[in-house]
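Student: Counting from 0, one number per residue, gives the positions in the sequence shown under numbering that gives the first Met the number 0.
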Amino acid sequence: MIRSVILGTGSYLPDRAVTNDELATFVDTSDEWIVQRTGIRQRHIAADGQFTSDLATRAAQRALESAGVDASEIDLIVLGTSTPDNTFPATAVEVQNRLGIVKGVAFDVQAVCSGFVFALGTADSMLKAGLAKKALVIGAETFSRILDWKDRTTCVLFGDGAGAVVLGVEEGAGTTDDRGVLSVHLRSDGRHKEKLFVDGGVSSTQTAGHLRMQGQEVFKFAVGAVTDVIQSAFEATGFTGESIDWFIPHQANRRIIDGSAKKLGIAPDKVVVTVDQHGNTSAASIPLALDLAVRDGRVKRGDIVLLEAMGGGFTWGAIVVRW
Ligand code: UT7
0 MIRSVILGTG SYLPDRAVTN DELATFVDTS DEWIVQRTGI RQRHIAADGQ
50 FTSDLATRAA QRALESAGVD ASEIDLIVLG TSTPDNTFPA TAVEVQNRLG
100 IVKGVAFDVQ AVCSGFVFAL GTADSMLKAG LAKKALVIGA ETFSRILDWK
150 DRTTCVLFGD GAGAVVLGVE EGAGTTDDRG VLSVHLRSDG RHKEKLFVDG
200 GVSSTQTAGH LRMQGQEVFK FAVGAVTDVI QSAFEATGFT GESIDWFIPH
250 QANRRIIDGS AKKLGIAPDK VVVTVDQHGN TSAASIPLAL DLAVRDGRVK
300 RGDIVLLEAM GGGFTWGAIV VRW
């Protein structure tokens, strides 16, 4: 059985870090409120003229470097983003061009905060189907560009960044002892659109619009959805909260992360948390956290890593990977 194996990881954050205190100078908020309700202490914001493709390309280059793979070997790029450089072409195609890749296929996936998990699931299916041999899967966002900086209920929550992985194929036995992506579970439910959306778009308003969110409604749905889809991943693989090595969830709110880990019986020291430093970087949050935990030596060969995300749409999903 063909398995997609993660060969390397990379990430990139814009230089400028904005603290809660800095936000409190222009919006009616406080460090105390933000830390207590979300766990966020700072977020990175892209510089003027720095686009999603710039962040994505840097993360991709670092992932290629860590994998020891030359860009010319890549024949598939799947990029999760809700903040593309342009309405079209896909940001993935810009990244492909910037990396000097002139073969294969590149496209974007739009699943908001679940973008990386959807992109990884898509790339995994394509590699298994023999449609490509080496893939870059990227999550990259400049959410700062769609925030209403006068709306304290949303602008304090998000940040910019990018993360990427390189996938290759390996022959596996078809058991959970194999390395690579072991199980993919993706879901969506369009009935919840009004709870988290952007109030603009090409076809509707011809503007980019601003992010709008009913935070409490999203919060309530998130804990249930996340635990439910992870239960499915556990049932499919036989792993449990105790037997996995690392839980790398979407980084939206510390309380959601802690609440779902507790419900699933995952010990706090197995949970990778970056929301304090990055805020919510939407599709970039999981590959950013993954890259950190790989580079600091936490995630090691053979470990079972559980990825999970939930976002606008609603969309949500979980993926189990053996490192
Ligand atoms: O990534 C996609 C998924 N997104 C999420 O998972 C986000 C899910 N939701 C959340 O994380 C939380 O609901 C929030 C962090 C967005 C909000 O936390 P909350 O505990 O649900 O607060 P709340 O919305 O119930 O607001 C409580 C109070 C309100 O004041 P009143 O009505 O009690 O007087 C808000 O106006 O806090 C007020 N408030 C703030 N105060 C200071 C809201 N935002 C702020 C702020 N600073 N930035």
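Just so you know, even glycine gets a beta-carbon here, dropped at the ideal spot from N, CA and C.
Keep in mind the model is a prediction, meaning the values are calculated, not measured.
Does the segment 246–257 come within contact of the segment 101–110, defined as at least 3 CB pairs closer than 8 Å?
Tutor: no
Student: Rounded to whole angstroms, how far is the Cβ of V319 from the Cβ of S182, which I believe are closer than 8 Å?
Tutor: 4 Å
Student: Check the C-beta distance from S10 over to P286 and give it rounded, since I have them as a contact under 8 Å.
Tutor: 6 Å
Student: Under three-state DSSP, which class holds W315?
Tutor: Here W315 sits in strand by DSSP.
Student: Round the Cβ separation of R40 and T18 to the nearest angstrom and send it over; I've been treating them as touching at under 8 Å.
Tutor: Right, their Cβ atoms sit about 7 Å apart.
Student: Can you check whether the CB of G38 is closer than 7 Å to the CB of D275?
Tutor: yes
Student: On the DSSP bridge assignment, give the partners of P248 in chain order.
Tutor: E307
Student: Where does N96 sit, in a helix, a strand or coil, going by DSSP?
Tutor: helix
Student: Going by C-alpha distance, which of W32, A16, V180, V164 is nearest M0?
Tutor: V180
Student: By how many angstroms is the C-alpha of G7 removed from the C-alpha of L63?
Tutor: Distance between L63 and G7, taken at the CA atoms: about 7 Å.
Student: Specify, as a first and last residue, the run of the beta strand (DSSP E) that D290 falls within.
Tutor: No beta strand (DSSP E) holds D290; the alpha helix (DSSP H) holding it covers 284–294.
Student: For Q215, is the beta carbon positioned less than 6 Å from some heavy atom of the ligand UT7?
Tutor: yes
Student: Rounded to whole angstroms, what's the CA-CA distance from Q35 to T273? Just pull it up for me.
Tutor: 15 Å
Student: Straight-line CA distance for R321 to T204?
Tutor: 44 Å
Student: For R2, tell me which candidate among G214, V201, K149, L166 has the shortest Cα-Cα distance.
Tutor: L166
Student: Could you tell me the distance, in whole angstroms, from the CA atom of A59 to the CA atom of D20?
Tutor: 32 Å
Student: Where in the segment 71–150 do unbroken runs of the alpha helix (DSSP H), each at least 4 residues long, occur, reported from the N-terminal end onward?
Tutor: 90–97, 114–127
Student: Report the three-state DSSP secondary structure of R36 (helix, strand or coil).
Tutor: helix
Student: Return helix, strand or coil for S242, following the three-state DSSP convention.
Tutor: coil
Student: DSSP beta-bridge partners for S187?
Tutor: T314
Student: Starting from the Cα of V104, find the closest Cα among L98, R97, A91 and give me that residue.
Tutor: A91
Student: By DSSP's criteria, I44 is part of a beta bridge. Which residues make up the other side?
Tutor: According to DSSP, I44 shares a beta bridge with R15.
Student: Could you tell me the distance, in whole angstroms, from the CA atom of D268 to the CA atom of E93?
Tutor: 38 Å
Student: With a threshold of 8 Å on Cβ separation, who are the neighbours of I243 within its own chain once the five nearest residues in sequence on each side are excluded?
Tutor: I265, K269, I303, V304, L305, V319
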